[in-house]
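From first to last, the protein sequence lines are chains A and B. Using my numbering, the letters of the first sequence map in sequence onto residues 878 to 1376. Using my numbering, the letters of the second sequence map in sequence onto residues 878 to 1376. Virtual Cβ for every residue (Gly too), placed ideally from N, Cα, C. Since the model is a prediction, treat every value here as computed from it, not as a measurement.
Protein chains: 2
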Amino acid sequence: MHRAMVFQSLFLLPLLFSLTTATATAKRLRTIPRLSPIGPRVWLDHPDQILGESVREDLETFFYNQTLDHFNYRPESYDTFLQRYLINSKYWGGANARAPILVYLGAEAPIDEDLDAVGFLVDTAVEFSSLLVYLEHRYYGKSIPFGSREEALKNASTLGYFNSAQAIADYAAIIIHIKKTLQAKDSPVIVIGGSYGGMLASWFRLKYPHIALGALASSAPVLYFDDITPQYGYYALVSKDFRGASETCYQTIRKSWEEIDEVASKPDGLSILSKKFKTCNPLTDASELKNHLDSTYASAAQYNKPPTYPVNKVCGGIDGGGFGDDLLGRVFGGLVAYKGNRSCYVNEPTNQSETSVGWRWQTCSEMVIPIGYGNDSMFPPDPFDLKAYIEDCKSLYNVTPRFHWVTTYYGGHNIRLILQRFASNIIFSNGLRDPYSSGGVLENISDTVVAVKTVNGSHCLDILFAKETDPEWLVAQRKTEIKIIKEWINKYYADLSRF
Amino acid sequence: MHRAMVFQSLFLLPLLFSLTTATATAKRLRTIPRLSPIGPRVWLDHPDQILGESVREDLETFFYNQTLDHFNYRPESYDTFLQRYLINSKYWGGANARAPILVYLGAEAPIDEDLDAVGFLVDTAVEFSSLLVYLEHRYYGKSIPFGSREEALKNASTLGYFNSAQAIADYAAIIIHIKKTLQAKDSPVIVIGGSYGGMLASWFRLKYPHIALGALASSAPVLYFDDITPQYGYYALVSKDFRGASETCYQTIRKSWEEIDEVASKPDGLSILSKKFKTCNPLTDASELKNHLDSTYASAAQYNKPPTYPVNKVCGGIDGGGFGDDLLGRVFGGLVAYKGNRSCYVNEPTNQSETSVGWRWQTCSEMVIPIGYGNDSMFPPDPFDLKAYIEDCKSLYNVTPRFHWVTTYYGGHNIRLILQRFASNIIFSNGLRDPYSSGGVLENISDTVVAVKTVNGSHCLDILFAKETDPEWLVAQRKTEIKIIKEWINKYYADLSRF
Chain A
878 MHRAMVFQSL FLLPLLFSLT TATATAKRLR TIPRLSPIGP RVWLDHPDQI LGESVREDLE
938 TFFYNQTLDH FNYRPESYDT FLQRYLINSK YWGGANARAP ILVYLGAEAP IDEDLDAVGF
998 LVDTAVEFSS LLVYLEHRYY GKSIPFGSRE EALKNASTLG YFNSAQAIAD YAAIIIHIKK
1058 TLQAKDSPVI VIGGSYGGML ASWFRLKYPH IALGALASSA PVLYFDDITP QYGYYALVSK
1118 DFRGASETCY QTIRKSWEEI DEVASKPDGL SILSKKFKTC NPLTDASELK NHLDSTYASA
1178 AQYNKPPTYP VNKVCGGIDG GGFGDDLLGR VFGGLVAYKG NRSCYVNEPT NQSETSVGWR
1238 WQTCSEMVIP IGYGNDSMFP PDPFDLKAYI EDCKSLYNVT PRFHWVTTYY GGHNIRLILQ
1298 RFASNIIFSN GLRDPYSSGG VLENISDTVV AVKTVNGSHC LDILFAKETD PEWLVAQRKT
1358 EIKIIKEWIN KYYADLSRF
Chain B
878 MHRAMVFQSL FLLPLLFSLT TATATAKRLR TIPRLSPIGP RVWLDHPDQI LGESVREDLE
938 TFFYNQTLDH FNYRPESYDT FLQRYLINSK YWGGANARAP ILVYLGAEAP IDEDLDAVGF
998 LVDTAVEFSS LLVYLEHRYY GKSIPFGSRE EALKNASTLG YFNSAQAIAD YAAIIIHIKK
1058 TLQAKDSPVI VIGGSYGGML ASWFRLKYPH IALGALASSA PVLYFDDITP QYGYYALVSK
1118 DFRGASETCY QTIRKSWEEI DEVASKPDGL SILSKKFKTC NPLTDASELK NHLDSTYASA
1178 AQYNKPPTYP VNKVCGGIDG GGFGDDLLGR VFGGLVAYKG NRSCYVNEPT NQSETSVGWR
1238 WQTCSEMVIP IGYGNDSMFP PDPFDLKAYI EDCKSLYNVT PRFHWVTTYY GGHNIRLILQ
1298 RFASNIIFSN GLRDPYSSGG VLENISDTVV AVKTVNGSHC LDILFAKETD PEWLVAQRKT
1358 EIKIIKEWIN KYYADLSRF
């Protein structure tokens, strides 16, 4: 199995090779599991469109004239681009009441996508009398520098400005602008984000405490950098999730990789596999199938949401055996259970998403999350290969990933020792079934830098729209978070009255 | 008086007009009082050279391959330059003992200059068993990117990388490198700086708490940005210092400006003034004289050190009246008392210093310290003119100062409200006679973010070499600082043993 292609299906589309001429090498690039709060559409089991529309009615769209490079003073760094943000003022108690401002920090996707799924702001708006602000991350959606997406993504010279430090500086500038415009100097700001956006939220509170009073960082794997977290954490958890759902399912998957290789090695092996898995296009290499399965399992585990619980679905299909009692028939049954009845599976023709294009750059510049496959997983062992990773990125963009930069700029090593006497007002929330929780903050650091976790939760559940079917533990998680944020705000009001 | 040229003599040399073609406009540039820990050589009344040599014997020089742009991933941003740092390991207790590392953060000068004056590290080395590290600021001394000073200072395209955020990122990278090299992972780092370097120290602790356990920020006017501190603070304090030394001296100076203008307006006025003040070159404008006097008074107040106390010296000369009892004769007497017997005064031929060249760029990019002259001063009122300031900078460098950036990135507004529940381990030390103390943190913010001040102190006294003649209040100030830093370190050791 070529691990390099792992997870491309998480992006629901192949890597955009047109961005580079080094197609052959590009194929080897090991991508990092998607970090968005929302999983593949197939798993979005609440009626997005309807929810989205009613939420969008209350939103006004603005564009801020954003500085291209906050940390440089070359004439080009003064260039600006229009950065999109949206405001819902329907529930706001107003500047005079010093009513709070809840700011959602957009991540590696157009902000629109998250509006349909991230409900924490709207769901709590009445309770907080809050102004709701949604900020779009630079280089995504409509917030593109250099005039066009084509130009912005052309090469490292234009992509160079695309990184997290610039992104949170953008957010600082916009939030100051909004507060000034609304004359809401004393309104406390709470920043909220999920996954990569959750990292941004916690980092924003650390770097800009004078702008945000607190942060809710949902499923933010801030510790999955350098050597802080064991590289095998992610897939160990995927495997644990499957084993927890069904031991036979887990064993079936574990044995399947060898079986696929064995069949593939036969004279007509690839065509047998193509038929068996009803592939949309004939397989040219067994790795295509294995990578697809790999990312299917990872995705199911990461977005293992109630009420349907994808891991249970996949395992139901595998254990059910409706497509033959043999190993591969069972595995195919898992795919069908996951995706429903389709004319074909694997190798689907797909379009490139902004997330896959943008996130690939981000992972090749600074967001190096070393994820490998260890012995305690249902996948063949395959340690993270930094050297190969760097070479792939170099051939793609002609720049070397700055492997240590995230821990240099944001920290992470000995986080408890460092932050217990520094910083305050950060919630790190996690669902422990989320494979990314292996790189999350799972223990309280201090009275106000706290971990809120759920045993059965998956990726970013707490910041999604509340639903009738939400289990009690999820309802309780959100209640805890709201209570904590209220305490921050009340303490702030008390402080404010004393100064 | 053309306020634009104020303080050029603080840099001991005229502005480097060769940097720009806009000479006429350049002349109008209002420079900002020098921020270095050390004043003009004339006031250095301890035997620098001797001290310097003995201190330097213990120093080893290193060069670190530093990244040009930490916040950008364009291919050019990966360029590197050799950054100088010096280490004194004579007193270090070693990595096994987790003995502390005291790091002096270089500011707007070659690091050599500070070695001769900044003694806090060496003076406390035995007490702390500390490793001593001195880091040179990018674009100064031997830490020049782009191969040569000429190239580095050529224009905004090469100067653009010259700013505080990049500088403290440099420091982060070097400190991590040093700790790694020495296998001193657990040795606590205390950063120390004076004036602009003091701002860097406090900002470093705020942005990189995972790298520095604490900061001693001496005479750091972190609040002299935007509208946090009244713009008249600096000159109000200069005036207060003079009034405190001698009411008649203060009144003489206060009345002298009009007198100078009156004489200058006579047919032969400038030549009368030139003769009166024994100028080295004939005055071409009264502003030359007035700016020189202005900066002399400011410098005397800022570096009003024991045991000689320059303000007393100047006022002794003015009140003594050895050069005539008339107003201007008295003022000249002040000059002579300040500078000693010379063949000529004012308009001295001088060389351009690195500080004046570098700091001018820094004040024209981000370090916009709005200093104006109010009614409660001995100078003619002259409010800070941001518009003219921006225009001057634009004509010099073709870029606009980012007036609000310092407060956006580092904060400063409502500092007590913000930092009382965030951050820890920062000492803001000030001497209240230092005009820059008007922009300093003068009250405790929390138990561990504290103000240590002396009523009679001037600029950066506490971090200079201790001397026999030091008054008790200065000795006490240093003792307090050492005690506080020891508490940080002991608490850190206790924490470390628990994790």
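Our contact map puts residue i next to residue j with C-beta atoms below 8 Å; I'd like the distance itself, whole angstroms only.
i, j, result
"Leu1294(B)", "Leu1373(A)", "7 Å"
"Tyr1011(B)", "Tyr1085(B)", "Not quite, the Cβ-Cβ distance comes to about 18 Å (not below 8 Å), so this is no contact."
"Arg975(B)", "Tyr1250(B)", "Contact doesn't hold; Cβ gap of about 51 Å is too wide."
"Val1099(A)", "Val1318(A)", "6 Å"
"Pro1312(A)", "Gln1108(A)", "About 12 Å separates the two Cβ atoms, so there is no contact after all."
"Phe1102(A)", "Thr1284(A)", "5 Å"
"Asn1181(B)", "Ser1335(B)", "4 Å"
"Tyr1215(B)", "Lys1190(B)", "6 Å"
"Ile1361(B)", "Val995(B)", "Not a contact, Cβ separation roughly 19 Å."
Looking at the secondary structure, which residues open and close the alpha helix (DSSP H) in which residue i lies?
i, result
"Arg1082(B)", "1073-1084"
"Thr1058(A)", "1041-1058"
"Ile1149(A)", "1146-1153"
"Leu1170(A)", "1163-1179"
"Thr1240(A)", "1231-1242"
"Asn1307(A)", "Element bounds for Asn1307(A): not the alpha helix (DSSP H) but the beta strand (DSSP E), 1303-1308."
"Val1223(B)", "Note, Val1223(B): premise wrong, no alpha helix (DSSP H); not H, not E."
"Gly1110(A)", "1110-1122"
Alpha carbons only, please: which of the options is nearest the one belonging to residue i?
i, options, result
"Ser1254(A)", "Lys1132(A), Tyr981(A), Thr1285(A)", "Lys1132(A)"
"Trp1365(B)", "Ala1141(A), Ala1033(A), Arg1298(A)", "Arg1298(A)"
"Gly1210(A)", "Phe1200(A), Trp1238(A), Val1329(A)", "Phe1200(A)"
"Phe1256(B)", "Ser1233(B), Gly1217(B), Val1223(B), Trp1134(B)", "Trp1134(B)"
"Leu936(B)", "Glu1358(B), Pro1183(B), Leu1212(B), Trp969(B)", "Trp969(B)"
"Tyr955(A)", "Lys1330(B), Ala1089(B), Gly1037(B)", "Gly1037(B)"
"Tyr1286(A)", "Val1326(B), Gly971(B), Ile1052(B)", "Ile1052(B)"
"Asn1367(B)", "Leu1090(B), Thr1161(B), Ser1220(B)", "Leu1090(B)"
"Glu1358(B)", "Phe1005(B), Ala1265(B), Gly1110(B)", "Phe1005(B)"
"Leu1309(B)", "Thr1058(B), Gly1110(B), Gly983(B)", "Gly1110(B)"
"Ala1046(A)", "Glu1028(A), Leu1077(A), Leu1030(A)", "Leu1077(A)"
"Thr1185(B)", "Ala1353(B), Asp1262(B), Ser931(B), Ala1122(B)", "Ala1122(B)"
"Gln863(B)", "Phe1376(B), Val1329(B), Cys1337(B), Lys1344(B)", "This structure gives no information on residue 863(B), because the portion of chain B shown stretches from 878 to 1376."
"Leu1166(A)", "Gly1288(A), Ala1177(A), Lys1153(A)", "Lys1153(A)"
"Pro1081(B)", "Ala1300(B), Asn1333(B), Asp1259(B)", "The sequence as given places Phe at residue 1081(B); Pro does not occur at that position. For Phe1081(B), the nearest C-alpha among the options comes from Ala1300(B)."
"Val1188(B)", "Phe948(B), Asn1321(B), Leu1114(B)", "Leu1114(B)"
I'd like to know whether the C-beta atoms of residue i and residue j end up nearer to each other than 8 Å.
i, j, result
"Ala1050(B)", "Thr944(B)", "yes"
"Pro1159(B)", "Ser1148(B)", "yes"
"Tyr981(A)", "His1054(A)", "no"
"Gln1043(A)", "Asp946(A)", "yes"
"Ile1137(A)", "Phe1119(A)", "no"
"Ile964(A)", "Leu1009(A)", "yes"
"Pro987(B)", "Gly1018(B)", "yes"
"Ser1233(B)", "Tyr950(A)", "no"
"Ser1064(B)", "Ile978(B)", "yes"
"Asn1275(A)", "Pro952(B)", "yes"
"Asn859(B)", "Ala1092(B)", "With chain B running from 878 to 1376 in the structure shown, residue 859(B) is simply not present."
Got a sec, what are the start and stop residues for the beta strand (DSSP E) residue i sits in?
i, result
"Ile964(B)", "957-965"
"Ala1328(A)", "1326-1331"
"Gly1024(B)", "No beta strand (DSSP E) contains Gly1024(B), which DSSP labels as neither H nor E."
"Val980(A)", "978-982"
"Phe939(A)", "937-944"
"Ala994(A)", "That residue, Ala994(A), is in no beta strand (DSSP E); it is neither H nor E in DSSP."
"Leu1093(B)", "1091-1095"
"Val1010(B)", "1008-1012"
Item checked: Inter-stretch contact at 8 Å, needing at least 3 Cβ pairs: the segment 1122-1129 of chain A / the segment 1188-1200 of chain A -> yes
Note to self: Using a Cβ distance threshold of 8 Å, determine whether the segment 1343-1352 of chain A contacts the segment 1151-1168 of chain A, with at least three qualifying pairs required.
What the structure shows: no
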